[in-house]
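-15 is the number of the first residue of the sequence shown in the numbering used here; add one for each residue after it.
Down below is the structure, laid out as structure tokens.
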Amino acid sequence: MMLEIWKELNSGKGPIQLKMTHLDEDTISEIESILWSNERPSRGRFHEGRSEDYRTHGIEMNISEIGLCSGHSASGVWVNEKAETTVPGLYAAGDMASVPHNYMIGAFVFGRLAGTNAVE
-15 MMLEIWKELN SGKGPIQLKM THLDEDTISE IESILWSNER PSRGRFHEGR SEDYRTHGIE
45 MNISEIGLCS GHSASGVWVN EKAETTVPGL YAAGDMASVP HNYMIGAFVF GRLAGTNAVE
């Protein structure tokens, strides 16, 4: 997915925009509440500084650098289905494990896998 976005951005056709203008006010308000109070508290101020509003504007999307953080970016340390890394005896879970769209439930599942398999 990241490669396709990179290709699109470098093709001269960009920018890529996330559009939410079709959503009703309650839905947009709920998205803002979740994103701006829990997920990314600075995002509301960022959009305000750019005079962007989900109700009237598409929000420009981009890719970020690959780093040792999983979940949203599907990067991090490679693990197999047992949460084993390529280093014998070393396991990874949560933000360190390269499990696409890991989020909290993935962290819990791979944390249990890592613990169980490490004990064995």
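Where a beta carbon is used, it is the ideal one built from N, C-alpha and C, also for glycine.
Predicted, not measured: the structure shown is a model, and the values here were computed from it.
Just to confirm, does residue i get its C-beta within under 6 Å of one of the non-hydrogen atoms of the ligand COA?
i	result
Arg96	The ligand COA is not part of this structure, which contains no ligands at all.
Whose C-beta lies closer than 7 Å to the C-beta of residue i among residues of the same chain, with five residues either side of it excluded?
i	result
Ser17	none
What is the C-beta distance between residue i and residue j, in whole angstroms, given that I count them as a contact (C-beta under 8 Å)?
i	j	result
Trp105	Gly28	This structure does not reach residue 105, given that the chain is present from -15 up to 104, and the question cannot be answered.
Going by C-alpha distance, which of the options is nearest residue i?
i	options	result
Ile43	Phe92, Ser(-5) and Ile0	Ile0
Asp37	Asn22, Ser13, Pro25 and Ile47	Ser13
Met4	Phe94, Val93, Ala102 and His41	His41
Leu2	Ser(-5), Gly(-4) and Arg39	Arg39
What's the gap between the Cα of residue i and the Cα of residue j?
i	j	result
Arg96	Glu(-12)	33 Å
Ala91	Gly99	12 Å
Glu65	Asn22	30 Å
Pro72	Thr11	47 Å
Glu104	Ile89	23 Å
Leu7	Val93	33 Å
Gly101	Glu9	The sequence shown places Asn at residue 101, not Gly. Straight-line Cα distance between these residues: approximately 47 Å.
Ala67	Ala76	6 Å
Met45	Gly(-2)	10 Å
Gly(-4)	Leu74	43 Å
So, for residue i: in the same chain, excluding its five sequence neighbours on each side, which residues have a beta-carbon less than 8 Å away from its beta-carbon?
i	result
Ile47	Met(-14), Ile(-11), Trp(-10) and Leu(-7)
Residue ranges of each alpha helix (DSSP H) run of no fewer than 4 residues wholly in the region -15 to 16, ordered along the chain? -14 to -6
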